[in-house]
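Same order as they appear, the protein sequences are chains B, G, F and U. If you read the first sequence in the numbering used here, its first letter stands for residue 456, the second for the next number, and so on. If you read the second sequence in the numbering used here, its first letter stands for residue 456, the second for the next number, and so on. If you read the third sequence in the numbering used here, its first letter stands for residue 456, the second for the next number, and so on. If you read the fourth sequence in the numbering used here, its first letter stands for residue 456, the second for the next number, and so on. Just so you know, even glycine gets a beta-carbon here, dropped at the ideal spot from N, CA and C.
Protein chains: 4
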Amino acid sequence: MGKNRLEAFSDGVLAIIITIMVLEMKVPHGDSLDDLRAVVPVFLSYVLSFVYIGIYWNNHHHMLHTVSRVSAGILWANLHLLFWLSLFPFVTGWMGENHFAALPSALYGAVLLLASIAYWLLERAIIADQGTDSLLARAIGRDIKGTLSPVLYAMAIPLAFVASWLAQGIYVVVALMWLVPDRRIERALGREAD
Amino acid sequence: MGKNRLEAFSDGVLAIIITIMVLEMKVPHGDSLDDLRAVVPVFLSYVLSFVYIGIYWNNHHHMLHTVSRVSAGILWANLHLLFWLSLFPFVTGWMGENHFAALPSALYGAVLLLASIAYWLLERAIIADQGTDSLLARAIGRDIKGTLSPVLYAMAIPLAFVASWLAQGIYVVVALMWLVPDRRIERALGREAD
Amino acid sequence: MGKNRLEAFSDGVLAIIITIMVLEMKVPHGDSLDDLRAVVPVFLSYVLSFVYIGIYWNNHHHMLHTVSRVSAGILWANLHLLFWLSLFPFVTGWMGENHFAALPSALYGAVLLLASIAYWLLERAIIADQGTDSLLARAIGRDIKGTLSPVLYAMAIPLAFVASWLAQGIYVVVALMWLVPDRRIERALGREAD
Amino acid sequence: MGKNRLEAFSDGVLAIIITIMVLEMKVPHGDSLDDLRAVVPVFLSYVLSFVYIGIYWNNHHHMLHTVSRVSAGILWANLHLLFWLSLFPFVTGWMGENHFAALPSALYGAVLLLASIAYWLLERAIIADQGTDSLLARAIGRDIKGTLSPVLYAMAIPLAFVASWLAQGIYVVVALMWLVPDRRIERALGREAD
């Protein structure tokens, strides 16, 4: 089975997630600055989630570059990842509407944590299918960012109940950490070509 | 007529269905644990429907692998299947919001039943176009899962009025039964290649 | 400029239109048969619109088969068609929620009329680009269905104010008329191949 | 990294934006002409935004024609553009629902301004990657429309508070200015071919 339809389906789901999140930013009825100000927290949570979905799309894109055939395990690991990402509009809206309160911020972190675990499982499913000597396995090597992120999310969840801005801070820092694209796979592909 | 645009359109519709279902999980206004708990039934029905759409996408993907040209019959049988699947967001939301009450659970089963019949009709339309000696016809053979599923859904509909959890149990069992991917087509393709 | 991205974009928009229409079928709060019955008119209007979007997708698919390059005129004629089709969720929801009342039924017909004119303009744009001796021009010939449909829609609009079911009847009859796929283009392509 | 998935993802996001905007046009509960008249301002803002997204899709399409490989810079510049475009449904709905009041009209202009800057940044990212001697760089030359548009949007924002129709007028004029497709790239591609 080829990977084109898997990529197309994943792209479709990610494109829809990133776009319908904006529907959680309800159009205010009044036209004053105060009406607009009420939307600001939802807007900020939207920006954060937009960046996260962008990062996932980007890394997903890179990771699938190394895949040539899609096994049933890869297919379901991919759907599992999409499931957690599909919860972004809900947790984004909930966190924004409640002005980054403790519980919604913790739940946001929980979805980030589960999505990062799902991403790791997809990575494992690909390597399991292609062998530990595969391009992806060598490209990833010691995956510092991939290991650090879930640890940081797991820390943020309890911290949200101490002070919500601590959790937010961690989410922003991890996003910035990933904004630098993963050049390991590109580099490994480059070495392959030589 | 090629099948690429049929696949792309179906993928698009399935990607949208799987994603907009999450919009039925309304963001609660409060930020307490009780507010979140109120969303749990809709979340559970969302998980079930996500798995079902995933299964349909997966099997649809496999089935179209065997198709080379798209007749008008195949095209409309495919749209007919997409129609019943497009009702998933509605029945999922209704069942979840009413905490798996009898009538919404029965309607959920009815949509599952009609979708499975539509899938079977699409299978027939493809075989009718390609001949009973075709790859798909041989791959399917005696389609135990495909025959058993509608029977189980048809049983679940009246059972929902006896005890709603009986219907839910059947929906979960059928989903688990299908989670094992259909290796018959892959195997038949493998034999073809030899 | 190639036509692939035009097709992909059109498919995307049509897939979204056909799917978000279901969001106008609001999940009822109660779980009784009466609650469900209240949704029936919106469901019926949804079925009608689903079939219409399916027909447009199907015919659009056939028509673009004959196009090799996309001019600016074709591109904007295509967007113009998508614009009128994008109003389907609105008019479908309005007609359904008001139980096929006169004005919503007339507006539904107006959107059908404008979409059919837009389709005809797209056909002209393609023929203008490819010459009246082109495959599409010959395939269409005397376009009976394409000429009859707007006339019938235009009749249905005033008739909706006489008796709403007359307009509905016309919409159903025209849809059935189009459900038979347009074999002219397939036939012309077949002749070309000979 | 190829550009196909970037195009497909962008097309998906633009197709969703252009389609979900219609969801901001809430179906009225009554069936009278007055109920419909209340929707007219949202409809007009929808038409304007539909044309703008169409223009962006068209020009994006042309611009990516000149790209062969996608760098991380291009990828994020593209996501940045999609971010501002994703705010169209919100500002369109807000401006329409408030009958083109001053503040919503100014915010609409601000999103137009930021989107046009993001488009310019994407152009720079592509040229930076391909060299100032590249096809795109030569095709654009002195980019009069691209330079004039942000200036006009920036003028429209304060003017919205003087008289809202002045801002609206500017948005319409700029849209008309862009409706004429950008033939510079096509011409440069033509010269290349010679």
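Which residues, taken in chain order from the stretch 545–578 of chain U, show a beta carbon closer than 8 angstroms to some beta carbon of chain B? Phe-545, Gly-548, Trp-549, Glu-552, Asn-553, Ala-556, Ala-557, Leu-558, Pro-559 and Leu-562
For F:Gly-467 and B:Ser-465, I'd like the C-alpha separation in whole angstroms. 14 angstroms
Within the same chain, show all residues whose beta-carbon is closer than 6 angstroms to that of U:Asn-576, passing over the 5 residues directly before and after it, in chain order. The sequence shown places Leu at residue 576 of chain U, not Asn. These residues qualify, in order along the chain: Ala-532.
For a test of the three-state rule: what should DSSP assign to F:His-554, helix, strand or coil? coil
Sorted by chain position, which residues of the same chain lie with C-beta nearer than 7 angstroms to G:Ala-609's C-beta, five sequence neighbours on each side aside? Leu-568
Rounding to the nearest angstrom, what Cα-Cα distance links F:Trp-549 and B:Val-566 in this structure? 37 angstroms
With DSSP as the reference, label B:Gly-485 as helix, strand or coil. coil
Applying the criterion that 16 or more other CB atoms from any shown protein chain within 10 Å of the CB defines a buried residue, is F:Val-617 buried or exposed? exposed
If G:Pro-544 sits next to G:Ile-472, beta carbons under 8 angstroms apart, how far is it from one beta carbon to the other, in whole angstroms? 6 angstroms
What does a CB cutoff of less than 8 angstroms around B:Leu-614 pick up in its chain, not counting 5 residues either side in sequence? Leu-621, Ala-622 and Ile-625
DSSP three-state call for G:Arg-492: helix, strand or coil? helix
Sort B:Phe-555, B:Phe-498, B:Trp-512 and B:Leu-519 by Cα distance to B:Ile-581 and report the nearest one. B:Leu-519
Please state whether DSSP places B:Leu-524 in a helix, a strand or coil. The sequence given here has Arg at residue 524 of chain B, not Leu. Here B:Arg-524 sits in coil by DSSP.
Which one of U:Ala-557, U:Ser-526 and U:Asp-489 has the shortest CA to CA distance from B:His-516? U:Ser-526
Where U:Trp-633 and U:Asn-514 are concerned, what is the direct C-alpha to C-alpha distance, given to the nearest angstrom? 9 angstroms
Distance cutoff 8 angstroms, beta carbons only. Does B:Asn-533 sit that close to anything in chain U? no
As assigned by DSSP and simplified to three states, the class of U:Lys-600: helix
Cβ of B:Ser-560 within 8 angstroms of Cβ of B:Ser-604? no
If you reduce the DSSP assignment to three classes, tell me which class F:Met-610 lands in. helix
Backbone secondary structure at F:Leu-478 - three-state DSSP: helix
Does the beta carbon of U:Asn-513 sit closer than 8 angstroms to a beta carbon anywhere in chain F? yes
Taking B:Leu-478 as the reference, give the member of B:Ala-573, B:Val-494, B:Asp-490 and B:Ala-556 with the closest Cα. B:Val-494
Of all Cβ atoms in chain U, is any one closer than 8 angstroms to the Cβ of B:Asp-466? yes
Would you say F:Ala-580 faces chain U, with C-beta separation under 8 angstroms as the test? no
Would you call the CB atoms of B:Gly-551 and B:Pro-496 closer than 8 angstroms? yes
Distance, Cα to Cα, F:Ser-504 vs F:Thr-547? 7 angstroms
What residue range does the alpha helix (DSSP H) around U:Leu-631 cover? 619–634
Rounded distance between the beta-carbons of B:Phe-498 and B:Met-480, thought under 8 angstroms: 6 angstroms
Buried versus exposed, by CB contacts within 10 Å (16 or more), G:Ile-510: buried
Spatial neighbours of F:Val-606 within its chain, please: C-beta separation below 7 angstroms, excluding the five flanking residues on both sides. none
Leaving out the 5 sequence neighbours to the left and right, which residues in its chain are closer than 7 angstroms to U:Ile-508 when beta-carbon positions are compared? Leu-469, Ile-472, Ile-473, Leu-540 and Phe-543
Measuring CA to CA, which of G:Ala-630, G:Arg-492 and G:Ser-487 is closest to B:Phe-555? G:Ser-487
From B:Asn-553 to B:Pro-483, what does the alpha carbon distance come to, in whole angstroms? 16 angstroms
G:Ala-557 vs G:Ser-619 beta-carbon contact at 8 angstroms: yes
Just how far apart, CA to CA, sit U:Arg-460 and G:Leu-461? 19 angstroms
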